[in-house]
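Just so you know, the sequence shown maps onto residues 27 to 323 in the working numbering.
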Amino acid sequence: MISNKISNQTSDKISNKKGFFYGWYFKCQSDTQTLAVIPAVHRTRRTSTCSVQVITENKSWTVEYPAEEFRQKGRMISICKNRFGERGIRLMVCVPGLTVRGKLNFGPLIPLKYDIMGPFSLVPFLECRHSIWSMKHRVWGTVYINGTAYSFNGAEGYWEGDRGRSFPREYIWTQCSFPEGALMLSVADIPMAGFRFRGIIGIVLLEGREYRLATYLGAKVVEIKKGLVKVVQGGLELEAELMDRAGKPLKAPTGGAMVRIIHESAACRAKYRFRINHCTLLDFETDRASFEYEYGT
């Protein structure tokens, strides 16, 4: 059965008629390989299921399980023989077309100073709520996917989560680690009380210091088109540009049902620039960015 913690979160002021989903996103990345894994549970008024999605630089897979295979105890999720938590993950999947086996261990996590949602964490009826459990941590271990070894020896890790009833209608999400730290930015079309606005949450972790950009702190989108998004907040400016739209298909929730197809590039080319009071602190191009660009422009 689904644990009490998940059951409590399903209340989240969300009617069962509107459905519910809850999932974590783990990204592990070396200089040459990228592996992302998403364990999730999803329910509608009629059905309940859970799933494990596996994403690499070249391909993605979705494996569905009965809802009763989902368990959570604190910061530990299990789905069938797969385990996910703050100390690492263990994968054991064997279905037609996909065999995944292996174990990854995590070093100390780097959490945020406070909830990325800020005061919006207290607002009822939100379509989707975001969490960041670790901006950056070390990863050790090997996972075999259809016989190919994905080996990580002190590689970089990232861990976040989402819960609610649906992903935003339009949104951008990107995450990237770099030698001095890591960043994450999400811009989304948010429905609330009969109107819509562009919600922003973003973190730049740079040399141990956390810079936060968010709607509740006054952040605004000044440009969004053709894979580019630019956000400003007072003297802070963060710009991200997707340069290679070759995302792999993933399933995403609509009303709790995993019926929407989005596209994620787990490791792609992107540009980032971060400035404070017109002083550039970051300006780089990488082929190790993760990006979802679900805007029509």
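For glycine and all other residues, C-beta sits at the position ideal for the given N, C-alpha and C.
Per DSSP, which residues does Cys-294 bridge with? Please list them. Ala-315
Based on Cα-Cα distance, which residue from Gly-100, Ser-192, Thr-241 and Glu-320 lies nearest to Leu-268? Glu-320
I need the boundaries of the beta strand (DSSP E) containing Cys-212, first residue and last residue. Contrary to the premise, residue 212 reads as Ser rather than Cys in this sequence. 207-218 is the extent of the beta strand (DSSP E) around Ser-212.
Taking 8 Å as the threshold, find out whether the segment 163-178 comes into contact with the segment 191-210 through three or more Cβ pairs. no
Whose CA, out of Phe-96, Thr-70, Gly-261 and Ala-278, lies closest to the CA of His-304? Gly-261
Please go through the same chain and pick out, in chain order, the residues whose beta-carbon is closer than 6 Å to the beta-carbon of Asn-164, but skip the five residues on each side of it. A quick correction: the sequence has Arg, not Asn, at residue 164. Answer for Arg-164: Gly-133 and Gly-180, listed in chain order.
In chain order, what residues of the same chain have a beta carbon less than 7 Å from the beta carbon of Phe-310, not counting five sequence neighbours either side? Phe-204 and Tyr-298
Just reading off the beta strand (DSSP E) that Gln-201 is part of, what are its end residues? 197-204
Asp-313 classed as buried or exposed, judged by whether at least 16 other C-beta atoms fall within 10 angstroms: exposed
For Ala-283, which beta-bridge partners are listed by DSSP? Thr-280
Of all the options Arg-195, Tyr-237 and Cys-202, which has the alpha carbon lying nearest to the alpha carbon of Met-218? Arg-195
If I follow the unbroken beta strand (DSSP E) through Phe-132, where does it start and stop? 124-132
Would you decide whether Ile-40 is buried or exposed? Buried here means 16 or more other CB atoms lie within 10 Å of its CB. Confidence at Ile-40 is low in this model, with a pLDDT of 34, below 50, so its placement is unreliable and the value that follows should be read with caution. Ile-40 comes out buried.
How would you label Lys-277, buried or exposed, when you count the other beta carbons within 10 angstroms and need 16 or more for buried? buried
Which partner residues of Ile-105 appear in the DSSP bridge assignment? Phe-96 and Asn-108
Per DSSP, cross-strand counterpart(s) of Leu-135: Beta-bridge pairing links Leu-135 to no other residue.
Counting Cβ pairs closer than 8 Å, one from the segment 282-301 and one from the segment 58-68, do we hit at least three? yes
Hey, is the segment 141-156 in contact with the segment 184-191, meaning 3+ C-beta pairs nearer than 8 Å? yes
What does a CB cutoff of less than 7 Å around Tyr-242 pick up in its chain, not counting 5 residues either side in sequence? Gly-144, Pro-145 and Phe-146
For Thr-75, is the classification buried or exposed, using 16 other Cβ atoms within 10 angstroms of its Cβ as the cut-off for buried? buried
Look up Asp-26 in the DSSP assignment and give the residues it is bridged to. Nothing about residue 26 can be reported from this structure: the residues present for the chain run from 27 to 323 only.
Option in Thr-73, Leu-239 and Arg-109 with minimal Cα separation from Arg-127: Arg-109
Assign Lys-99 to one of two classes, buried (16 or more other C-beta atoms within 10 Å of its C-beta) or exposed (fewer than that). exposed
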